[in-house]
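Numbering-wise (the numbering used here), the sequence shown opens with residue 13 and increments by one.
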Amino acid sequence: MPPKRSDADESSTESLMIPRRPWRPLVTASAGVGAAVLALAFLLGTVPVFLIVGVGMLLLAGGWVLLLGLPSPRGTTGVLAGAGLILLCGGVLSMEARTSLLPGAVALAMIVEFLHQLGRRDGRPRLVESVSASVTGIGVLTSGACVLLLTPTDEGVACSVAVFGAVAVASLADLGLRWGAGGPVAGVVAVALGAGAAWWLGTIMAAGLPAPLLFAAGGLAAGSSYALRQVQSVLPTLFGRRAQLASGVASVFATGVIAYALTWLSLGPDMMAVVR
13 MPPKRSDADE
23 SSTESLMIPR
33 RPWRPLVTAS
43 AGVGAAVLAL
53 AFLLGTVPVF
63 LIVGVGMLLL
73 AGGWVLLLGL
83 PSPRGTTGVL
93 AGAGLILLCG
103 GVLSMEARTS
113 LLPGAVALAM
123 IVEFLHQLGR
133 RDGRPRLVES
143 VSASVTGIGV
153 LTSGACVLLL
163 TPTDEGVACS
173 VAVFGAVAVA
183 SLADLGLRWG
193 AGGPVAGVVA
203 VALGAGAAWW
213 LGTIMAAGLP
223 APLLFAAGGL
233 AAGSSYALRQ
243 VQSVLPTLFG
253 RRAQLASGVA
263 SVFATGVIAY
273 ALTWLSLGPD
283 MMAVVR
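Encoded structure:
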């Protein structure tokens with residue numbers, strides 16, 4: 013008969029299987045400050061929103077490869093930077109161009125990414141990992157670019173302030189990692205903080221949405237942002253400043269589509285007339 017395992021052996025095995033989630037102050041700061049600054053930018057006008065989103069895209073493109081340890085770093089960084097540039101340039105011209113060029117910019121970035129993989133001369137090691145991580149980075153950039161469509165309307169501004177304000181407040185839950193209190197408890201705290209902040213900000217900004225919807229949007233934005241940072245917190249590559257900044261910015265940009273969806277629900281059928 014095989015020997016019985018003691019409780020000490022089981023706890024030792026569990027400690028080896030469950031990675032420790034260290035607290036990275038720069039990740040928390042970049043997420044909290046970035047979301048707060050983006051929410052403030054919506055109150056100041058279209059130009060500040062473009063500037064903040066552009067800086068965030070630059071930080072994400074510059075650190076995404078380092079964060080995930082991807083092969084062909086120069087080419088992948090160039091693809092992400094190009095995707096961000098295309099997404100931004102369309103909005104500089106007009107609202108119509110901003111809307112029509114967004115799907116085309118995403119498609120073009122995907123094509124360029126695959127052409128980049130075909131042109132690699134290193135034998136294309138870790139091809140699936142490289143493609144999937146690059147496409148994910150483009151998706152995060154696109155989510156951030158969604159907020160560029162929301163600046164012309166009061167509803168879009170109000171919903172964006174509510175969502176990004178919720179992300180900023182919920183980033184305080186990361187402090188639980190400092191004292192070893194991360195995991196589900198900190199996640200619940202993040203969702204609660206985000207839901208309350210979104211409801212409060214949405215009420216002040218007169219978003220015109222029912223309280224349960226604001227609670228749900230704030231909790232979803234805060235929870236998804238917190239979860240993304242926690243998933244990335246155990247990566248062995250998360251030690252450099254550029255990688256940590258990319259992690260924080262990604263957790264903010266990932267919630268851009270939630271602000272867009274909340275604005276859609278606020279405007280209803282008028283949303284299509286606005287974005288056109």
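Glycine residues also receive a C-beta, built at the ideal position from the N, C-alpha and C atoms.
Handout entry: Through-space distance from L225 to A48, alpha-carbon basis
Key = Mapped onto the sequence shown, residue 48 falls at position 36. Mapped onto the sequence shown, residue 225 falls at position 213. Cα atoms of A48 and L225: separation of roughly 21 Å, rounded to the nearest angstrom.
Problem - For A266, three-class secondary structure by DSSP - result: Against the sequence shown, residue 266 aligns to sequence position 254. If DSSP states are grouped into helix, strand and coil, A266 belongs with coil.
Practice task
Measure the alpha-carbon distance for V159 versus S237 and round it to whole angstroms.
Solution key: The residue labelled residue 159 in the question sits at position 147 within the sequence shown. The residue labelled residue 237 in the question sits at position 225 within the sequence shown. Taking the straight line from one Cα to the other gives about 16 Å.
Exercise for the section: List the whole-angstrom C-beta distance separating C171 from L162, where the pair is believed to meet the contact cut-off of C-beta under 8 Å. Expected result: Counted from its first residue, the sequence shown places residue 171 at position 159. Counted from its first residue, the sequence shown places residue 162 at position 150. The beta-carbon distance between C171 and L162, rounded to whole angstroms, is 7 Å. This is short enough to meet the 8 Å contact definition.
Problem - Reduced DSSP secondary structure (H/G/I, E/B, other) of E26 - result: Residue mapping note: residue 26 aligns to position 14 of the sequence shown, counting from 1. Reliability of the predicted coordinates at E26 is poor, the pLDDT of 43 falling under 50, and the value obtained from them is presented with this limitation in mind. Correct three-state label for E26: helix.
Handout entry: Of the residues L79, L213 and V67, the one placed nearest A93, counting alpha carbons only
Key = Here residue 93 refers to the residue found at position 81 of the sequence shown. Ranking L79, L213 and V67 by Cα distance to A93 puts V67 first.
Handout entry: Any alpha helix (DSSP H) of 4 or more consecutive residues that is wholly inside the stretch 32 to 62
Key = Taken in chain order, the whole alpha helix (DSSP H) runs of length 4 or more contained in the stretch 32 to 62 are 37 to 56.
Handout entry: C-alpha distance - V140 paired with G260, whole-angstrom precision
Key = On the sequence shown, residue 140 is found 128 positions in, with the first residue counted as 1. On the sequence shown, residue 260 is found 248 positions in, with the first residue counted as 1. Linking V140 to G260 through their CA atoms gives a straight-line distance of about 25 Å.
Handout entry: Beta-carbon proximity of V39 to Q242, cut-off 8 Å
Key = In the sequence shown, the residue the question calls residue 39 occupies position 27. In the sequence shown, the residue the question calls residue 242 occupies position 230. No. Outside cutoff.
Problem - Straight-line gap, G44 to D186 (C-alpha atoms, nearest Å) - result: Here residue 44 refers to the residue found at position 32 when the sequence shown is read from its first residue. Here residue 186 refers to the residue found at position 174 when the sequence shown is read from its first residue. Straight-line Cα distance between these residues: approximately 10 Å.
Exercise for the section: Could you say which of M122, V173 and V59 lies nearest to I270 if we only look at CA atoms? Expected result: Counting from 1 along the sequence shown, the entry for residue 270 is found at position 258. Comparing alpha carbon positions, the residue from M122, V173 and V59 closest to I270 is V173.
Exercise for the section: Let me know the secondary structure DSSP gives M217 once reduced to three states. Expected result: Residue numbering aside, residue 217 sits at position 205 when the sequence shown is read from its first letter. In this structure, M217 counts as coil in the three-state DSSP scheme.
Problem - the stretch 245 to 253 / the stretch 213 to 232 touching (three or more Cβ pairs under 8 Å) - result: With the cut-off at 8 Å, the stretch 245 to 253 and the stretch 213 to 232 do not touch.
Handout entry: Within 8 Å, strictly: CB atoms of R258 and L72
Key = By one-based count along the sequence shown, residue 258 stands at place 246. By one-based count along the sequence shown, residue 72 stands at place 60. First, the residue type needs correcting, since residue 258 is Ala and not Arg in the sequence shown. Contact flag set, yes.
Practice task
Ignore the nearest five residues each way along the sequence and tell me which others in V181's own chain have a CB closer than 7 Å to its CB.
Solution key: Residue numbering aside, residue 181 sits at position 169 when the sequence shown is read from its first letter. Excluding residues within five positions, the ones whose Cβ falls inside 7 Å are L205, G206 and A209.
Handout entry: Continuous alpha helix (DSSP H) stretch holding R241: start and end
Key = Here residue 241 is taken as the residue at index 229 of the sequence shown, counted from 1. For R241, the enclosing alpha helix (DSSP H) has its first and last residue at A223 to Q244.
Exercise for the section: Let me know the secondary structure DSSP gives D166 once reduced to three states. Expected result: Position 154 of the sequence shown, counted from the start, is the residue given in the question as residue 166. In the displayed model, D166 falls within a helix according to three-state DSSP.
Exercise for the section: Take the Cβ of S155 as the centre, count every other Cβ of all protein chains shown within 10 Å, and call the residue buried at 16 or more, exposed below. Expected result: As a position in the sequence shown, residue 155 is number 143, starting the count at 1. S155 comes out buried.
Problem - Limits of the unbroken alpha helix (DSSP H) element including S155 - result: One-based indexing of the sequence shown puts residue 155 at position 143. In the DSSP annotation of this structure, the continuous segment of the alpha helix (DSSP H) that includes S155 starts and ends at L139 to A157.
Problem - Rounded C-alpha distance that separates W276 from T165 - result: Sequence index remark: in the sequence shown, residue 276 carries index 264 (1-based). Sequence index remark: in the sequence shown, residue 165 carries index 153 (1-based). Spanning the alpha carbons of W276 and T165 requires a straight line of approximately 11 Å.
Exercise for the section: State the DSSP-derived secondary structure class of S172, mapped to helix, strand or coil. Expected result: Your numbering for residue 172 matches position 160 in the sequence shown. Three-state DSSP puts S172 in a helix.
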